[in-house]
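This report concerns only the one structure given below.
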Amino acid sequence: MIKILLVEDDLQLQEIIEDYFTAKSAGEIEMVCAANGADGLESAQEKDYDLVLLDVMLPEVDGFTICRELRRHSDVPIMFLTARQAEGDRLHGYGLGCDDYMIKPFSLAELYAKANSLVRRAKGMVRDDLMSVGGISLDPYRGTVSVDGRVVELAPKEYALLKLLMENAGKIVTRETLLARIWGYDFSGNDRVVDNHIKKLRQTLGKGAEQIKTVVKSGYRLEERK
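The numbering of the sequence shown is the numbering used here, which starts it at 15 and goes up by one.
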């Protein structure tokens, strides 16, 4: 029996997905549904699921927050189901540790196929993708960051910035790239917003801040500790 949690405030869509999965699997999939983020997060934390399907825009607690909270202690596969299709939103979701991201409206057959693929992969896979550069470590599946073994709490934008810098450790990441990847190509502000969030990131990282180097008139580079 496969157990899936569906957190979706559109009750009609919730019923359609539940009926489709139940019928398609001939009863082998059990769907548990929640209509708001608070109930969904509580259920996900209290019970074991093989997959969590998450809307982003939810009453009480949004889907991004649920994903971040679950990744603190769980490797359960997470797929976002949302009408938010901006690249920045998708990258933010992946940065928080989601496994897939489907844009509404979507094909139920494709959703079912992707869900089954995620469940099969998770059941036969051990995740060991801890990222470490110098004294900074980031676990992309739990959404946690530590400096010299001390866990630090990062806001979503600072977490996404750090993850992108770690993925490109030793390389210059321009402000334009950071803006496009994290805020989205349709962002109407200027690149000063990047500098402000880097400042906040450095403050939170403490001793790890020295690893983030400013490259004048270009961007930032994450280096190993010297």
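Just so you know, even glycine gets a beta-carbon here, dropped at the ideal spot from N, CA and C.
When DSSP labels each residue in this structure, what does GLY102 get in the three-state scheme? In the three-state reduction of the DSSP assignment, GLY102 falls in the helix class.
Enclosing beta strand (DSSP E) for MET15 [first to last residue]: Premise fails: MET15 is in no beta strand (DSSP E) and is neither H nor E.
PHE35 - partner residues in DSSP beta bridges: Answer by DSSP bridge pairing: none, since PHE35 is not bridged.
Pick helix, strand or coil for ARG86, following the three-state DSSP scheme. ARG86 sits in coil when the DSSP states are folded into three classes, being neither helix nor strand.
With C-beta atoms as the reference, is VAL161 less than 8 Å away from GLY222? Contact: yes.
On a CA-only basis, which of LEU122, SER121 and ILE92 is nearest ARG135? Give me that one, please. If we check each option's Cα against that of ARG135, ILE92 comes out closest.
Let's see if you can read the secondary structure: which residues bound the beta strand (DSSP E) around ALA48? Where ALA48 is concerned, the enclosing beta strand (DSSP E) stretches over 43 to 48.
Nonlocal neighbours in the same chain, by C-beta distance under 7 Å from LEU175, ignoring five residues either side: Correct list, in chain order: LEU192, ILE196, HIS211, ILE212 and LEU215.
In chain order, what residues of the same chain have a beta carbon less than 8 Å from the beta carbon of VAL75, not counting five sequence neighbours either side? Shown here for VAL75: same chain residues with a beta carbon closer than 8 Å to its own, the five before and five after excluded, namely ASN50, GLY51, ALA52, GLY54 and LEU55 in chain order.
Local conformation of SER131 per DSSP, three classes: DSSP places SER131 in helix when its eight states are reduced to three.
Euclidean distance between Cα positions of VAL147 and HIS87: Pairing VAL147 with HIS87, the inter-Cα distance amounts to about 22 Å.
Put LEU20 into one of helix, strand or coil per three-state DSSP. In the displayed model, LEU20 falls within a strand according to three-state DSSP.
Nearest residue (CA-CA) to GLU32, options LEU67, GLN59 and ALA58: Nearest Cα to GLU32 within the set LEU67, GLN59 and ALA58: LEU67.
Taking the CB atoms as reference points, tell me whether ASP23 and PRO73 lie closer together than 8 Å. Taking 8 Å as the cut-off, the Cβ atoms of ASP23 and PRO73 count as close.
For MET139, the three-state DSSP class (helix, strand or coil): Reliability of the predicted coordinates at MET139 is poor, the pLDDT of 46 falling under 50, and the value obtained from them is presented with this limitation in mind. The DSSP-derived three-state label of MET139 is coil.
On the three-state DSSP scale, how would you describe MET71? Secondary structure of MET71 (DSSP, three-state): coil.
Let me know if PRO154 comes out buried or exposed under the rule of 16 or more other beta-carbons within 10 Å of its beta-carbon. Buried is the call here.
Which class does LYS227 belong to by DSSP, given the choice of helix, strand or coil? DSSP places LYS227 in strand when its eight states are reduced to three.
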